[in-house]
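Asks: Residue numbers (the numbering used here), protein chains in the order written: chain A, 783 to 896; chain B, 710 to 823. Cβ atoms here follow ideal geometry from the backbone N, Cα and C, with glycine treated the same way. Note that the structure is predicted; figures quoted are calculated from it, not measured. Before I ask anything, let me first share the structure, which is written out below as structure tokens.
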């Protein structure tokens, strides 16, 4: 049972335009959400996060929106650059005394065309 | 310094071998993690260490044995692995259990079992 889903396996966008990546989750206990970027044969790199008490967080070209009622979040990248071409993972965690277990979505491969 | 260092970067081992993966962080983080990532799949949690104690084991087979010698180091001992265990093994760290912050990942060890 996939608790975090990214329904678009790939996305192609022109340089300078907006990239919108979507993520849905089913576990209502999730209260912290993150986006990671990953290049092949490397570890995920943290991009941006959002707590469930907020509905928007912005950091430079990256903005994450959270709709708790719909159990949906999205990542906006504006403007998109060729170096943004990578796989993007949405991740979620619920408070646990034992540690921050991250549950990842399946990933979306983004290709930014010059 | 937001670096998590993993060694080796690549490892090829036979099914009867014993090997170890190593991970180091100097960010003062008190939670450390092992994740496994198969090709075209998201990372999946294996183990969580909180304050140097194993706090979560996601039903990982005993041929994988984690160890946390001190707050900066995390090892994963491998013995009698199967070819299907071939994957990218990722180490991560975060501030501490229950603290809503991002996890930082190492570059991973690409393991091939022959």
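How close, in whole Å, do the beta carbons of residue 720 of chain B and residue 727 of chain B come, if the pair is a contact with beta carbons under 8 Å?
Replies: For the purposes of this step, residue 720 of chain B is taken as the residue at position 11 of the second chain. For the purposes of this step, residue 727 of chain B is taken as the residue at position 18 of the second chain. The Cβ separation is near 12 Å, so there is no contact.
Asks: Can you find the residues in the same chain that come closer than 7 Å, C-beta to C-beta, to residue 716 of chain B, ignoring five residues on each side of it along the sequence?
Replies: Along the second chain, read from residue 1 onward, the residue named residue 716 of chain B stands at position 7. So the list reads 731, once near-sequence residues are dropped.
Asks: What does DSSP give as the partner residue(s) for residue 757 of chain B in the beta ladder?
Replies: The residue you call residue 757 of chain B lines up with position 48 of the second chain. Residue 757 of chain B pairs with B:742 and B:765.
Asks: Within the continuous beta strand (DSSP E) that includes residue 821 of chain B, where are the two ends?
Replies: Residue numbering aside, residue 821 of chain B sits at position 112 when the second chain is read from its first letter. Here the beta strand (DSSP E) through residue 821 of chain B covers 818-822.
Asks: Along the stretch 799-817 of chain B, where does the CB come closer than 7 Å to a CB of chain A? Name the residues.
Replies: The stretch 799-817 of chain B vs chain A, Cβ under 7 Å: 799, 803, 806, 807, 809, 811, 812, 813, 814, 815, 816 and 817.
Asks: According to DSSP, which residues form a beta bridge with residue 814 of chain B?
Replies: Here residue 814 of chain B refers to the residue found at position 105 of the second chain. Bridge partners of residue 814 of chain B: B:801.
Asks: Please compile the residues from chain A whose C-beta is within a distance smaller than 9 Å of the C-beta of residue 768 of chain B.
Replies: Within the second chain, the letter at position 59 stands for residue 768 of chain B. Those do not exist, as residue 768 of chain B stays about 13 Å from chain A at its closest Cβ, beyond 9 Å.
Asks: Using 7 Å as the limit for Cβ to Cβ distance, is residue 826 of chain A near chain B?
Replies: Position 44 of the first chain, counted from the start, is the residue given in the question as residue 826 of chain A. Taking Cβ atoms only, chain B reaches closer than 7 Å to residue 826 of chain A, which makes this a yes.
Asks: Do we get a CB-CB distance below 7 Å when we pair residue 740 of chain B with the residues of chain A?
Replies: By 1-based counting over the second chain, the position of residue 740 of chain B is 31. It does: the Cβ of residue 740 of chain B has a partner Cβ on chain A nearer than 7 Å.
Asks: Hey, would you say residue 862 of chain A sits closer than 7 Å to residue 794 of chain A, going by beta carbons?
Replies: Within the first chain, the letter at position 80 stands for residue 862 of chain A. Within the first chain, the letter at position 12 stands for residue 794 of chain A. No, these two residues do not count as a Cβ contact at 7 Å.
Asks: Have a look at B:818, B:807 and B:782 and flag the residue whose alpha-carbon is nearest the alpha-carbon of residue 797 of chain B.
Replies: The residue labelled residue 797 of chain B in the question sits at position 88 within the second chain. It is B:818.
Asks: As a quick exercise: from B:820, B:815 and B:822, pick the residue whose alpha carbon is nearest that of residue 713 of chain B.
Replies: Numbered from 1 along the second chain, position 4 holds the residue referred to as residue 713 of chain B. With distances taken between Cα atoms, residue 713 of chain B lies closest to B:815.
Asks: Taking Cβ-Cβ distances shorter than 8 Å, what residues in chain A pair up with residue 752 of chain B?
Replies: Numbered from its first residue, the second chain carries residue 752 of chain B at position 43. What residue 752 of chain B touches in chain A: 826, 871, 884 and 886.
Asks: I want to see whether chain B comes within less than 7 Å of residue 816 of chain A, judged by CB atoms only; does it?
Replies: In the first chain, counting from the first residue as 1, residue 816 of chain A sits at position 34. Yes, residue 816 of chain A lies at the interface with chain B (some Cβ there is under 7 Å from its Cβ).
Asks: Run through the DSSP bridge pairs and tell me what residue 823 of chain A is partnered with.
Replies: On the first chain, residue 823 of chain A is found 41 positions in, with the first residue counted as 1. BP columns for residue 823 of chain A are empty, so no partner.
Asks: Tell me whether residue 833 of chain A, by its Cβ, gets closer than 6 Å to a heavy atom of the ligand NAD.
Replies: Absence of the ligand NAD from the depicted structure is noted, as is the absence of any ligand whatsoever, leaving it without description.
Asks: What is the rounded straight-line gap between the Cα of residue 749 of chain B and the Cα of residue 835 of chain A?
Replies: As a first step, residue 749 of chain B must be located in the second chain, where it is residue number 40. As a first step, residue 835 of chain A must be located in the first chain, where it is residue number 53. Going by the C-alpha atoms only, they are around 32 Å apart.
Asks: On a CA-only basis, which of B:807, B:820, B:821 and B:803 is nearest residue 813 of chain B? Give me that one, please.
Replies: Translated into the one-based positions of the second chain, residue 813 of chain B becomes position 104. Residue B:803 is the option with its Cα nearest to residue 813 of chain B.
Asks: When you compare only the Cα positions, how much space is there between residue 784 of chain B and residue 777 of chain B?
Replies: By one-based count along the second chain, residue 784 of chain B stands at place 75. By one-based count along the second chain, residue 777 of chain B stands at place 68. Their Cα atoms are separated by approximately 6 Å.
Asks: Look at the alpha carbon of residue 846 of chain A and the alpha carbon of residue 723 of chain B, and state the distance between them as a whole number of angstroms.
Replies: By one-based count along the first chain, residue 846 of chain A stands at place 64. By one-based count along the second chain, residue 723 of chain B stands at place 14. Their Cα atoms are separated by approximately 44 Å.
Asks: I'd like to check one pair, residue 881 of chain A with residue 781 of chain B: are the Cβ atoms closer than 7 Å?
Replies: If you number the second chain from 1, residue 781 of chain B lands on position 72. If you number the first chain from 1, residue 881 of chain A lands on position 99. No.
Asks: Please return the same chain residues whose Cβ sits closer than 8 Å to the Cβ of residue 844 of chain A, not counting the five positions on each side in sequence.
Replies: In the first chain, residue 844 of chain A corresponds to position 62, counting from 1. Same-chain partners within the cutoff: 817, 829, 830, 857, 858 and 859.
Asks: 7 Å is my cut-off, CB to CB: does residue 831 of chain A come that close to chain B?
Replies: As a working note, residue 831 of chain A is residue 49 in the first chain. Taking Cβ atoms only, chain B reaches closer than 7 Å to residue 831 of chain A, which makes this a yes.
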